[in-house]
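Chains as they are written, first to last, in the numbering used here: chain A, -13 to 316; chain B, -13 to 316. Built from N, CA and C at the ideal position, the CB exists for glycine as well. These figures come from a predicted structure and were not determined experimentally.
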DNA sequence: AAGTTTTTTGCTACCGGTAGCAAACGCGCA
DNA sequence: TGCGCGTTTGCTACCGGTAGCAAAAAACTT
């Protein structure tokens, strides 16, 4: 394997200095057309390509963005990743995907991103507790952003769907449909809090004179946990006392819930219990689920985040409206 | 924002040379305990962290691996990404996720990865045609690997599930269940070929004396395309002439197929038409689909790929057996 | 105590670019 | 022909590390 050609190699063969070679590859640099042509010819021959690593070291800009993800169970993440990589790439940036979990925690990931001199860190739907930052000092570190979840760290902006509005839209729809015994299924407590959906849910119904709101708790954001939570609930509640509609914190929980409601208890959705989700996951549209849900403005959120990273927009928390998607399940 | 401390800053304050500082941070380097302690104390005070970018430039090793993905519609990709990032991270590597599509093509991505000096390129389920490499010359470029698809480029190893075995297992199961009018639903032609599933399917049934095998063609690997293909087929075939089992090239197509079979034509799965898929996507286990499918050995494949990247295993094409997952749909 | 070996430390050179200043060049004009 | 000016080119210094040799210091012999 032949060694990669460098600017100096090209310079020698072209009979110019290495700086002239660099200039030939720098758009808008001061160089005569004849020199550029000469350089380009040799560069082509030697298959020279500028080394971005060296450039990064000198400019202090890697054009790489860390994307921290902790929940690979939710297909919805894939949509975010798709839009995010696309948007980053269209701006000449690239996503470094970092899997956060017990074995490779947030702090570790942040330190790693820091050492690799990444330009920014996006926490994509991951919950990050302030305490975690206690022991980390990141002096001139990359700016952080929280995508699709509330930021609970001062100075770290969040780019979010307007939860209050979203839940209000969803609940108003349910209320108009005549449901009066609403239940809520939440995910793990700490993660759930950062979403703020439960809070908005309770506020809505209270404002409409309803205070009785069963809460089902799922241990993970997975269909299996959603299934388990509903199973537990339906087993201990009399048919007469059941909720008539169940709003799940996200689609994945809703899928699990519907599965159990229909397959294990032989109940009908929405006739016996209506179900709604949140996210508008790909599968929500499938006739097998036909789930009423709420779609986050993924593209707008991603664009906003990237604009902040590039410094085109001020770095500050923003929320944007999504879209209610009414289907057959509620 | 304070500037980041460098080895030189630490050296000055600790009264040693910068090389001693480096040594304090190099495991196994020759340095006295007292010097190391002195350096570490100052390093802690200044919050010094080695700059991996500079190290990469000097060592010619970035510990970054490009992961090219072109199909974000398939939730199965998420499993691969999860295992892959985890495995890479456990070896001190990190995944650079590159979204391949019309706007950002393979060649562009490869060039980009090349310029960023990435250590390896993994094409995760992406179809890469030999012609594309025609115009690219990558001198000392990073080694490439194809994951979960046949490699059609000489010198580029593929890490794959044993397709022949897998399809044989699947079909044997269907045959034993008594199905005799099998149909196959394939994805886009070029991509489909690289999977080799169609070929193995035809071979099996021919060997069992069955030559009549309707083929349904989906334009994309998406539920919508799978749905459309089945809709077209069921509309133009008389109930008597229908297949009794439909093997879909992957789960996502199978989901779309089942949706149409049940919701639009009011048929029962598996009574009227049985359906099987491939991949064992998360949703395949959901009661709503309960799909018989075949699971690729994701973990083993990922481990094999990473081992090759690290040079622990010879770089060569390998296939490994997966696991037949029998459920209610067939 | 001097000589020898081993360990520790410092050094030069380098990885492949960037930034910005200074010298060399080319051109128009007097 | 010579002067002044703007453009092009080359230069030094630097980004923050690594590699490996040479000098200095410490440890071991006899």
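{"Item": "Residue 187 of chain A touches chain B at which residues, Cβ-Cβ below 7 Å?", "Value": "Here the premise fails: no neighbours, minimum Cβ distance about 25 Å."}
{"Item": "Could you tell me the boundaries of the alpha helix (DSSP H) in which residue 156 of chain B lies?", "Value": "149 to 162"}
{"Item": "Could you tell me the alpha carbon to alpha carbon distance between residue 163 of chain B and residue 311 of chain A, rounded to whole angstroms?", "Value": "41 Å"}
{"Item": "Only counting the same chain, and skipping five residues up and downstream in sequence, which positions put a Cβ closer than 6 Å to that of residue 270 of chain B?", "Value": "237, 277 and 279"}
{"Item": "For residue 63 of chain B, go through chain A and note every residue whose CB falls closer than 7 Å to its CB, in chain order.", "Value": "64"}
{"Item": "What number of angstroms, rounded off, separates the C-alpha of residue 200 of chain B from the C-alpha of residue 240 of chain B?", "Value": "16 Å"}
{"Item": "Using the rule of at least 16 other Cβ atoms within 10 Å of the residue's Cβ for burial, across every protein chain shown, is residue -13 of chain B buried or exposed?", "Value": "Bear in mind that the predicted position of residue -13 of chain B carries a pLDDT of just 47, short of 50, making it too unreliable to give a figure here."}
{"Item": "Following the continuous alpha helix (DSSP H) through residue 176 of chain A, name the residue where it begins and the one where it ends.", "Value": "175 to 181"}
{"Item": "Tell me whether the beta-carbon of residue 52 of chain A lies closer than 7 Å to the beta-carbon of residue 99 of chain A.", "Value": "yes"}
{"Item": "Of the residues that make up the region 14 to 47 of chain A, which ones have a beta carbon closer than 7 Å to any beta carbon in chain B?", "Value": "33, 35, 36, 37, 38, 39, 40, 42 and 43"}
{"Item": "Rounded to whole angstroms, what is the Cα-Cα separation between residue 94 of chain B and residue 307 of chain A?", "Value": "35 Å"}
{"Item": "Out of A/59, A/70 and A/71, which has the shortest C-alpha to C-alpha gap to residue 69 of chain B?", "Value": "A/59"}
{"Item": "For residue 228 of chain A, would you say it is in contact with chain B, using Cβ-to-Cβ distances shorter than 7 Å as the test?", "Value": "no"}
{"Item": "Anyone know if the C-beta pair for residue 213 of chain A and residue 258 of chain A falls short of 7 Å?", "Value": "no"}
{"Item": "Output yes if chain B places a C-beta closer than 7 Å to the C-beta of residue 296 of chain A; else output no.", "Value": "no"}
{"Item": "Who are the near neighbours of residue 251 of chain A in its chain, counting only those whose CB is closer than 6 Å to its CB and skipping five residues on each side?", "Value": "220"}
{"Item": "Listing by chain order, which chain A residues have their CB less than 7 Å from the CB of residue 275 of chain B?", "Value": "274"}
{"Item": "How big is the Cα-Cα spacing for residue 291 of chain B and residue 303 of chain B?", "Value": "10 Å"}
{"Item": "Could you give the distance in angstroms between the alpha-carbon of residue 86 of chain B and the alpha-carbon of residue 20 of chain B?", "Value": "52 Å"}
{"Item": "Less than 7 Å between the C-beta atoms of residue 209 of chain A and residue 242 of chain A, yes or no?", "Value": "yes"}
{"Item": "Helix, strand or coil for residue 0 of chain A, going by three-state DSSP, please let me know.", "Value": "helix"}
{"Item": "Ignoring anything shorter than 4 residues, give me the alpha helix (DSSP H) runs that lie fully in the region 38 to 112 of chain A, in order along the chain.", "Value": "38 to 45, 62 to 76 and 92 to 101"}
{"Item": "Kindly indicate which residue of A/1, A/80, A/151 and A/177 has the alpha-carbon position closest to the one of residue 283 of chain A.", "Value": "A/151"}
{"Item": "Please list the partners that residue 249 of chain B has in chain A, where partner means a Cβ-to-Cβ separation under 7 Å.", "Value": "273"}
{"Item": "Are there 16 or more other CB atoms within 10 angstroms of the CB of residue 18 of chain A, so buried, or fewer, so exposed?", "Value": "exposed"}
{"Item": "Just the Cα atoms here: how many angstroms apart are residue 41 of chain B and residue 154 of chain A?", "Value": "52 Å"}
{"Item": "What in chain A is Cβ-close to residue 258 of chain B, meaning under 9 Å?", "Value": "Residues of chain A passing the Cβ test: none, with the nearest at roughly 16 Å."}
{"Item": "Tell me, please, whether the CB atom of residue 285 of chain A is closer than 7 Å to any CB atom in chain B?", "Value": "no"}
{"Item": "Buried or exposed, going by whether 16 or more other CB atoms sit within 10 Å of the CB of residue 83 of chain B?", "Value": "buried"}
{"Item": "What are the partner residues of residue 201 of chain A, as DSSP defines its beta bridges?", "Value": "A/170"}
{"Item": "With distances taken from CA atoms, which of A/109, A/230 and A/48 is nearest residue 157 of chain A?", "Value": "A/230"}
{"Item": "So residue 238 of chain A is in the alpha helix (DSSP H); what residue range does that whole segment cover?", "Value": "237 to 245"}
{"Item": "Do we get a CB-CB distance below 7 Å when we pair residue 12 of chain A with the residues of chain B?", "Value": "no"}
{"Item": "Please confirm whether residue 82 of chain B has its beta-carbon closer than 7 Å to some beta-carbon of chain A.", "Value": "yes"}
{"Item": "Runs of 4 residues minimum, wholly inside the region 7 to 36 of chain B: which ones carry the alpha helix (DSSP H) assignment?", "Value": "19 to 32"}
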